[in-house]
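Peer 1:
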Amino acid sequence: MNKFYLDTDALGEGEKERLEEALTGTAEGDSDFVFELILVDEEEIRRLNREVRGVDRVTDVLSFPALEGIKGERLSADEHADELDEEDRLYLGSIAICEKRAREQAEEYGHSYARELNYLTVHGVLHCLGYDHETEEEKREMREKEEEIMQRMGLSR
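Position in the sequence shown (first residue = 1) + 145 = my numbering.
#1: For PHE178 versus LEU151, is the C-beta spacing smaller than 7 Å?
#2: Check LEU237 in the structure and name its three-state DSSP category.
#3: Buried or exposed: which applies to ALA226, given that a residue is buried once 16 or more other Cβ atoms fall within 10 Å of its Cβ?
#4: What ranges does the alpha helix (DSSP H) occupy inside the region 185-228, keeping only unbroken runs of at least 4 residues that lie completely in it?
#5: Assuming LEU235 and GLY174 make a contact with CB atoms under 8 Å, what is their CB distance in whole Å?
#6: In terms of DSSP beta bridges, what is GLY170 paired with?
#7: Tell me, please, whether the region 214-229 touches the region 252-262 by the rule of three or more beta-carbon pairs shorter than 8 Å.
#8: Checking the sheet assignment: what are the DSSP bridge partners for LEU182?
#9: Within a Cβ cutoff of 8 Å, which residues of the same chain sit near LYS148, ignoring the five residues on either side of it in sequence?
#10: Secondary structure at TYR276, three-state DSSP: helix, strand or coil?
The structure is reproduced here in structure tokens:
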């Protein structure tokens with residue numbers, strides 16, 4: 146089974162490994178997968194949101210998928226050789242999380258910052274894998290995947 150890797154300093158090593166393990170099985174392919182995760186301030190997330198999505202406001206998480214149309218597809222390293230990193234892992238995208246918004250949302254929802262950070266990371270990874278929440282059906286499907294992964298981490302609602 147493919148292993149997921151997060152290229153980040155945003156999570157502690159144990160937390161990072163737990164999240165990587167929980168993501169295992171979320172996508173299939175013939176190589177391991179890697180995502181970049183960065184924490185940014187409000188100014189940076191607003192700039193990214195404005196430049197990429199045309200929305201001039203602060204948001205909690207933005208995803209930048211490396212590949213399009215991959216939801217549910219078996220991913221082949223040969224077909225996506227341009228996205229292989231130096232360790233032959235398939236790079237699937239970057240995730241930017243606004244640290245301040247994550248802290249505010251954790252307080253608003255009554256759970257820990259670590260839980261919120263994990264949730265936003267899972268949400269971002271799923272966007273990079275082609276999941277979305279534009280329609281009610283898509284939203285339901287994505288929420289089910291999020292909950293499944295969070296439960297594997299022992300972080301269900």
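Backbone N, C-alpha and C fix where the C-beta goes; we use that ideal spot for every residue, glycine too.
Peer 2: Working from what's here:
#1: no
#2: Judged by DSSP in its simplified three-state form, LEU237 adopts strand.
#3: exposed
#4: 187-193
#5: 6 Å
#6: Paired residue(s): none; GLY170 is not in a bridge.
#7: Segments in contact, no.
#8: ILE240
#9: GLU165, THR169, ASP177 and PHE178
#10: coil
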